[in-house]
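Colleague:
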Ligand SMILES: [Zn+2]
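Residue numbers (this note's numbering): 389 to 466.
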């Protein structure tokens, strides 16, 4: 039996992380072949995953900049 669309959304993160067993992957892919909704969902999910690291990197950069500014303020006071 193939997973339902609701199951597919739950399985997506595990599928992309490579955590599904081969039989589940097969069922997952069979469902994808037949279901445009889940194909679309998975594409959006992948896009979101790809964008997420960039966001966290930007946050890190911002934190470093804040540190740098804080250091400069400290140095100016001394
Ligand atoms: Zn579906």
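For each residue, glycine too, the CB sits at the ideal point set by N, CA and C.
1) Does the stretch 427-440 come close enough to the stretch 389-400 to have 3 or more Cβ pairs within less than 8 Å?
2) Could you give the residue range of the alpha helix (DSSP H) that holds residue 407?
3) Under the criterion of a Cβ to heavy atom distance below 6 Å, does residue 396 qualify as lining ligand 1?
4) Please report the straight-line C-alpha distance between residue 389 and residue 405, rounded to a whole angstrom.
5) Looking at C-alpha atoms only, which residue of 392, 391, 401, 393 is the closest neighbour of residue 438?
Modeller: Looking at the atomic coordinates:
1) Yes, the stretch 427-440 touches the stretch 389-400.
2) Taken as a continuous stretch (DSSP letters only), residue 407 belongs to no alpha helix (DSSP H), as it is neither H nor E.
3) Within the cutoff, so yes.
4) Rounded to whole angstroms, residue 389 to residue 405 spans 23 Å at the Cα level.
5) 401
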